[in-house]
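Input: a single structure, listed below in structure tokens.
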């Protein structure tokens, strides 16, 4: 999984990845049960059996822990999309369809099969955390990659400025990318991604 | 203003429009100040100086009053869009641009310049009130009208089944039509409508 261009959560103290991971895993578990919004670092420390001071050696705030959870979760979507669109021998049209489909299925699974990940992702999106902005930038990067390749192959039109096309597609995908909008797209989630992908692909026709 | 295809709020009792309008206006005022969610019909009755029983002569529940307010508010958007797209001598492309622009500017003004109308509209949308479903259907009807006309004039492509095109456009406009999504579109409201309209218009090219 390539997370290199997702910003890392704000951390400090010993670079002991095992303990940091242990805290993130325990926090994830705890937030899943009690919610992210209502839990304080003291609650969390008590629940996972570390002192508050010890947790603060690794994370400088509750948000930093939330960020770490969110970064992991969003990186899973990014990795799934990356894998889906980079398979060899696909047309750009097919890559674009896979981008939309993978984005939606992975996002719905991660945010809504475990509702509390939705809570954290929603916090992240509504407060413009780096994890959320990084995620958004990665998705936009995938759109750019697929559109640019499709243009080079003569599969997509080239008259519209590339950045306008990419911005517009990125906006059209917002209801499936941004968890705050995705929550209200669940009742159209069966048909909406395909209809939207088809509309966008028609707009890309040379 | 043609409201004939918007469902009327559930009302009963004397068909005295003046008094009904008076209640709706007073309720609108009261909800604007105290919020829709938290106010009971008793609170409302006290505040506007009618007995609860008298209010129940005209409306069978608080929701029916909320519906009446919502129907009015959404009918304003419908009327504005209708007027904007039916001006004579416009191309279908121009009609479509006006549809999107009027929808967004009227919606943003009505829902967010008076935040409490947003509250009621959000209730209506999340609980699929008839006012909200009727509004959605009217907007879809406008999309159908413009697309069909554009096809007849040879301005838009005709290969895609008409209902698929209309469904997809209606979905693409959801972030500006549905107040629940619109609240999260406010930070992109300057550029998003034009970018989206342009993308949709490219998808309609013959």
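Protein chains in written order, with the UniProt record's numbering: chain A, 1 to 206; chain B, 1 to 206. C-beta atoms are modelled at their ideal positions from N, C-alpha and C, and glycine is treated no differently.
Residue-level contact to chain A via CB, residue i, 8 angstroms cutoff
i, result
"residue 147(B)", "no"
"residue 18(B)", "no"
"residue 161(B)", "no"
"residue 67(B)", "no"
"residue 202(B)", "yes"
"residue 186(B)", "no"
"residue 99(B)", "no"
"residue 6(B)", "Reliability fails at residue 6(B), whose pLDDT of 48 lies under 50, so the model's placement of it is uncertain and the value that follows must be treated cautiously. Judged by the 8 angstroms Cβ criterion, residue 6(B) is not in contact with chain A."
"residue 3(B)", "Annotation note: pLDDT 41 at residue 3(B) (below 50); position unreliable, coordinate value reported separately. No, residue 3(B) lies away from the interface with chain A (no Cβ there is under 8 angstroms from its Cβ)."
Where residue i meets chain A, residues with beta-carbon distance less than 7 angstroms
i, result
"residue 196(B)", "168, 171, 172"
"residue 28(B)", "Here the premise fails: no neighbours, minimum Cβ distance about 25 angstroms."
C-beta neighbour in chain B for residue i, strict 8 angstroms
i, result
"residue 74(A)", "no"
"residue 192(A)", "yes"
"residue 112(A)", "no"
"residue 164(A)", "yes"
"residue 199(A)", "yes"
"residue 64(A)", "no"
Cross-chain neighbours of residue i in chain A, by beta carbon under 9 angstroms
i, result
"residue 56(B)", "Simply none; closest approach about 33 angstroms."
"residue 181(B)", "174, 175, 180, 181, 184, 185"
Per-residue contacts from residue i into chain B (C-beta, under 7 angstroms)
i, result
"residue 144(A)", "Chain B residues near residue 144(A): none, gap ~15 angstroms exceeds 7 angstroms."
Cβ-heavy atom distance, residue i to the ligand MN, below 7 angstroms
i, result
"residue 28(B)", "Absence of the ligand MN is noted for the structure shown, with no ligands found whatsoever."
Interface flag, residue i vs chain C, CB-CB below 8 angstroms
i, result
"residue 129(A)", "Included in the structure are the protein chains A and B, with no chain C among them."
Mind pulling the alpha helix (DSSP H) runs of 4 or more residues that sit fully within the stretch 33 to 97 of chain B?
The stretch 33 to 97 of chain B contains these whole alpha helix (DSSP H) runs: 41 to 48, 52 to 58, 62 to 85.
Could you tell me whether the stretch 134 to 147 of chain A touches the stretch 16 to 31 of chain B, where touching means 3 or more Cβ pairs closer than 8 angstroms?
no
Stretch pair the stretch 158 to 167 of chain A + the stretch 140 to 159 of chain B: three plus CB contacts closer than 8 angstroms
no
Does the contact criterion of 3 or more C-beta pairs under 8 angstroms hold for the stretch 176 to 195 of chain A versus the stretch 167 to 175 of chain B?
yes
Three or more C-beta pairs closer than 8 angstroms, one from the stretch 106 to 126 of chain B and one from the stretch 62 to 73 of chain B: is that the case here?
yes
Is there contact between the stretch 36 to 48 of chain B and the stretch 193 to 203 of chain A, where contact requires at least three CB pairs shorter than 8 angstroms?
no
Touch check for the stretch 74 to 84 of chain A and the stretch 99 to 116 of chain A: three-plus C-beta pairs under 8 angstroms?
Remark: three or more beta-carbon pairs, one from each stretch, lie closer than 8 angstroms, so the stretch 74 to 84 of chain A and the stretch 99 to 116 of chain A are flagged as touching.
Let me know the alpha helix (DSSP H) ranges lying completely inside the stretch 173 to 206 of chain A, each 4 residues or longer, listed in chain order.
174 to 177, 179 to 182, 192 to 203
Taking the runs of the alpha helix (DSSP H) that are 4 residues or longer, which of them lie wholly in the stretch 91 to 150 of chain A?
Counting only runs of 4 or more residues that sit fully inside the stretch 91 to 150 of chain A, the alpha helix (DSSP H) segments are 92 to 108, 115 to 126, in chain order.
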